[in-house]
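Everything below concerns the one structure shown next.
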Amino acid sequence: MSYSNARLIPSFSRPPSRVAIRAVSSYQADVEAILWETLQLFELPVRDKTVLIKPNFVEPDIQGMINTHPIVIRAAREAFLRMGARSVTIAEGPGHERDTEGILEVLRLRDYVGPLDQAFVDLNTDEVTEVPTRTQASRLKALFLPKTVVGADFVVSMPKMKTHHWVGVTLSLKNMFGIVPGNCYGWPKNVLHWAGISKSILDINSTVRPDFAIVDGIVGMEGNGPIQGTPKASGVLVAGDDPVAVDATCARIMGLAPERIDYLKRAALMLGHLQEDKIEQLGEAILSARTPFEILPAFRQLRASPPPGAHS
Amino acid sequence: MPTDTQIENPAWKGEDIHASSQDIFGGFLRRAQNPDGGWGYRPGTQSSTEPTAWATLALRGQEAADGQALASAAEWLRRAQSAEGAWPTSSGKDPGCWTTALACLALLKPATPPEDAIARGLQWLCATWPAAGNLLWRLRQRWPGKSEVIVRQDHSLRGWGWTPKTASWVEPTSYALILLRNVPEASRPADAAKRIALGEKMLYDRVCPGGGWNAGNPLVYGVAGVPWISPTVWALLALKNHKGRAANQESLEWLERICQNIQSPGSLALAQLCLKVYGRPAKPTEPRLDDLCQHNRFLQNVPVAAWALMAASGIPGWLKDSVQAKDTR
Numbered sequence: 001m002s003y004s005n006a007r008l009i010p011s012f013s014r015p016p017s018r019v020a021i022r023a024v025s026s027y028q029a030d031v032e033a034i035l036w037e038t039l040q041l042f043e044l045p046v047r048d049k050t051v052l053i054k055p056n057f058v059e060p061d062i063q064g065m066i067n068t069h070p071i072v073i074r075a076a077r078e079a080f081l082r083m084g085a086r087s088v089t090i091a092e093g094p095g096h097e098r099d100t101e102g103i104l105e106v107l108r109l110r111d112y113v114g115p116l117d118q119a120f121v122d123l124n125t126d127e128v129t130e131v132p133t134r135t136q137a138s139r140l141k142a143l144f145l146p147k148t149v150v151g152a153d154f155v156v157s158m159p160k161m162k163t164h165h166w167v168g169v170t171l172s173l174k175n176m177f178g179i180v181p182g183n184c185y186g187w188p189k190n191v192l193h194w195a196g197i198s199k200s201i202l203d204i205n206s207t208v209r210p211d212f213a214i215v216d217g218i219v220g221m222e223g224n225g226p227i228q229g230t231p232k233a234s235g236v237l238v239a240g241d242d243p244v245a246v247d248a249t250c251a252r253i254m255g256l257a258p259e260r261i262d263y264l265k266r267a268a269l270m271l272g273h274l275q276e277d278k279i280e281q282l283g284e285a286i287l288s289a290r291t292p293f294e295i296l297p298a299f300r301q302l303r304a305s306p307p308p309g310a311h312s
Numbered sequence: 313m314p315t316d317t318q319i320e321n322p323a324w325k326g327e328d329i330h331a332s333s334q335d336i337f338g339g340f341l342r343r344a345q346n347p348d349g350g351w352g353y354r355p356g357t358q359s360s361t362e363p364t365a366w367a368t369l370a371l372r373g374q375e376a377a378d379g380q381a382l383a384s385a386a387e388w389l390r391r392a393q394s395a396e397g398a399w400p401t402s403s404g405k406d407p408g409c410w411t412t413a414l415a416c417l418a419l420l421k422p423a424t425p426p427e428d429a430i431a432r433g434l435q436w437l438c439a440t441w442p443a444a445g446n447l448l449w450r451l452r453q454r455w456p457g458k459s460e461v462i463v464r465q466d467h468s469l470r471g472w473g474w475t476p477k478t479a480s481w482v483e484p485t486s487y488a489l490i491l492l493r494n495v496p497e498a499s500r501p502a503d504a505a506k507r508i509a510l511g512e513k514m515l516y517d518r519v520c521p522g523g524g525w526n527a528g529n530p531l532v533y534g535v536a537g538v539p540w541i542s543p544t545v546w547a548l549l550a551l552k553n554h555k556g557r558a559a560n561q562e563s564l565e566w567l568e569r570i571c572q573n574i575q576s577p578g579s580l581a582l583a584q585l586c587l588k589v590y591g592r593p594a595k596p597t598e599p600r601l602d603d604l605c606q607h608n609r610f611l612q613n614v615p616v617a618a619w620a621l622m623a624a625s626g627i628p629g630w631l632k633d634s635v636q637a638k639d640t641r
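These protein sequences, in sequence, are chains W and A.
Under the working numbering, the first sequence has 126 at position 126, and the numbering climbs by one with no breaks.
To get the working numbering, take the position in the second sequence, counting from 1, and add 312.
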């Protein structure tokens, strides 16, 4: 992963990032084929590697708008195995509900990936190791991280496309909150909230660099996210080799200005690209995928001006 | 071949052999104990406070309790206590309020004055406050730009956080209240009565509209929170001396309604345990613990096995009528 190879490179000296937007009308579409085709656009070094998929599971949700959909998780798992990964582990430490198995069963993940005691690791109860943070944006000088994460060769952040009532949006960078174990930090990872959510997002992502991001925006959440909003059918999967660029692209699809989102602005300094001219866009154009999300009044300032010809 | 620590029920392999739930879960816990006396969250992992406390509490209630296993678990817990009197989270360094409450509860012996380790744990717990809700915090909330109220609750009612100097949450507050209720009044720290009163008020302040509890935010941006099983169970058990109150009754009714749709053994075990304590036995329409465990071998989770063992056994002593039990409806 990511952890042992982590290098912080100022954005101005990084090569352009690549982000693919794919139109996926619903979960009944051939998500597996679409994702496989999308991942072929990137030469991902996963052969013989251990891959860790980090979805976003928060709490049980029968409406299917809070948690990453299991169809997308299965599609990613199958694709990485097909690319020659030695193993693909699904791992998450849910932020709210302590009964992780309860979330997975309501989600019906077992129906898609088989018995979970073999396919899934609960990061909230994993053994931990202390790792110094590579940035000190928050007051946390070190993080206790699950050994499963630290030992993985290739980390994929797989969030849901959602608004967030504390930081505006939750996408692939915010999703990495879930790797921090509840058995050290409590639920809902409250120590990180007190250290500052935006700053903690930066420290986590600078320390555990996700190698790739796949955002489930087929049905996301708008309004009072990340749990009490309303479903938003954006009909997209967004994938890329730079989580900052992936999140910036998602924000633009959501009708928001990424440079106004505090943690994205900070992350753009060291972790990836925010500007459109530094992101090679693959698949659909942002304009055609753009489906502005409702946001809480407190985040009105994040709203981007509609581009010429776009529906606001 | 299963490893010696795997949960294994012959019936799951299609064999016509009956094993009682106590045998399955108790056997799993006994095999999962580490040579150092503690338990990890999963078999074969480093011993940690929370799973050691839960396994101890579950095995202690068994007729065939292994005295030696429990004694070495107690020794592990005593060794794990910090100089300040707290028990660490899995980090091995930082103190946890929930781990301290559970460790004290596991070491507590009925009708016996608390040993020194417990007394120090109680002192630490009663001296440890969440930062949210203190005077400075409340003044800061009135600062211009901080006026946006996201969660509406009475922050002056402080219980316990998962970790010190954060916010009050339902589960760690409930564990602390259950512990304090089990300690004879004469052995409690001086400010225990104040902490109990505040903690109980905090729990009632955080009940979700319609009953039940979530982590501790019943209203976010004016939207009613959805209750979850685990916090609802622990809050109800912490407040069982007030069983006549409307919030308790509503929450119990919610729990009973949801019970038949529970899909995980951890939640089902906790719900059954709580309903049993409140004298409301499980209904035949409920799923069976054994069936749910079969799906994923409950992720080999030691605390879940401990809750399942407790649910399959009689009511544990520490959840029976407390030393100060009275219904203050």
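Note that CB positions come from ideal geometry on N, CA and C, so glycine has one too.
Remember, it's a predicted structure, so these values are computed and weren't measured experimentally.
Let me know if residue i comes out buried or exposed under the rule of 16 or more other beta-carbons within 10 Å of its beta-carbon.
i	result
residue 379 (chain A)	exposed
residue 624 (chain A)	buried
residue 298 (chain W)	exposed
residue 450 (chain A)	exposed
residue 368 (chain A)	buried
residue 626 (chain A)	exposed
residue 52 (chain W)	buried
residue 101 (chain W)	buried
residue 437 (chain A)	buried
residue 276 (chain W)	exposed
residue 345 (chain A)	buried
Would DSSP call residue i helix, strand or coil?
i	result
residue 177 (chain W)	helix
residue 467 (chain A)	coil
residue 499 (chain A)	helix
residue 62 (chain W)	coil
residue 164 (chain W)	strand
residue 459 (chain A)	In this prediction, residue 459 (chain A) has a pLDDT of 43, which is less than 50 and means its spatial position is unreliable; nothing more can be read from the coordinates.
residue 400 (chain A)	strand
residue 281 (chain W)	strand
residue 473 (chain A)	coil
residue 139 (chain W)	coil
residue 120 (chain W)	strand
residue 70 (chain W)	helix
residue 307 (chain W)	coil
residue 187 (chain W)	coil
residue 392 (chain A)	helix
residue 379 (chain A)	helix
residue 302 (chain W)	helix
Output the boundary residues of the beta strand (DSSP E) element that contains residue i.
i	result
residue 131 (chain W)	128-132
residue 221 (chain W)	212-222
residue 484 (chain A)	It is not in any beta strand (DSSP E) - residue 484 (chain A) instead sits in the alpha helix (DSSP H) that spans 482-494.
residue 158 (chain W)	154-158
residue 92 (chain W)	87-92
residue 19 (chain W)	17-23
residue 54 (chain W)	50-55
residue 338 (chain A)	Residue 338 (chain A) -> not in any beta strand (DSSP E); alpha helix (DSSP H) instead, spanning 333-344.
Starting from residue i and walking both ways along the alpha helix (DSSP H), at which residues does that stretch end?
i	result
residue 579 (chain A)	577-589
residue 231 (chain W)	That residue, residue 231 (chain W), is in no alpha helix (DSSP H); its beta strand (DSSP E) goes 230-232.
residue 245 (chain W)	243-253
residue 602 (chain A)	601-608
residue 107 (chain W)	100-107
residue 420 (chain A)	Premise fails: residue 420 (chain A) is in no alpha helix (DSSP H) and is neither H nor E.
residue 150 (chain W)	147-150
residue 35 (chain W)	31-39
residue 365 (chain A)	361-372
Since residue i and residue j are thought to touch, with beta carbons under 8 Å apart, how far apart are those beta carbons, to the nearest angstrom?
i	j	result
residue 575 (chain A)	residue 106 (chain W)	6 Å
residue 474 (chain A)	residue 409 (chain A)	6 Å
residue 244 (chain W)	residue 173 (chain W)	7 Å
residue 550 (chain A)	residue 489 (chain A)	4 Å
residue 269 (chain W)	residue 11 (chain W)	7 Å
residue 485 (chain A)	residue 511 (chain A)	5 Å
Is residue i a contact residue of the ligand MN, with contact defined as CB to any heavy atom under 7 Å?
i	result
residue 383 (chain A)	Ligands in the displayed structure: none, and consequently the ligand MN is not present.
Review point. Are at least three pairs of beta-carbons, each pair with one atom in the segment 411-426 of chain A and one in the segment 355-364 of chain A, less than 8 Å apart?
Key: As far as the Cβ criterion goes, the segment 411-426 of chain A touches the segment 355-364 of chain A, which means the pair count is three or higher.
Exercise for review: Kindly confirm or deny that the segment 195-210 of chain W and the segment 245-265 of chain W touch, where touching means at least three C-beta pairs closer than 8 Å.
Suggested key: Touching, per the Cβ criterion.
Practice item. Indicate whether the contact test is met: 3 or more Cβ pairs, each with one atom in the segment 135-154 of chain W and one in the segment 177-188 of chain W, closer than 8 Å. Key: Judged by Cβ distances under 8 Å, the segment 135-154 of chain W makes contact with the segment 177-188 of chain W, as three or more pairs qualify.
Check your understanding: Using 8 Å as the Cβ pair cut-off and three pairs as the minimum, do the segment 106-121 of chain W and the segment 594-604 of chain A touch?
Key -> Here the segment 106-121 of chain W does not lie against the segment 594-604 of chain A, with fewer than 3 beta-carbon pairs under 8 Å apart.
**Study point:** Touching by the beta-carbon criterion (3+ pairs, under 8 Å), the segment 224-233 of chain W and the segment 131-138 of chain W
**Key:** As far as the Cβ criterion goes, the segment 224-233 of chain W does not touch the segment 131-138 of chain W, which means the pair count is below three.
Check your understanding: Any contact of the segment 207-218 of chain W with the segment 184-195 of chain W, i.e. 3+ C-beta pairs under 8 Å?
Key -> Note that the segment 207-218 of chain W does not touch the segment 184-195 of chain W; fewer than 3 beta-carbon pairs, one per stretch, sit closer than 8 Å.
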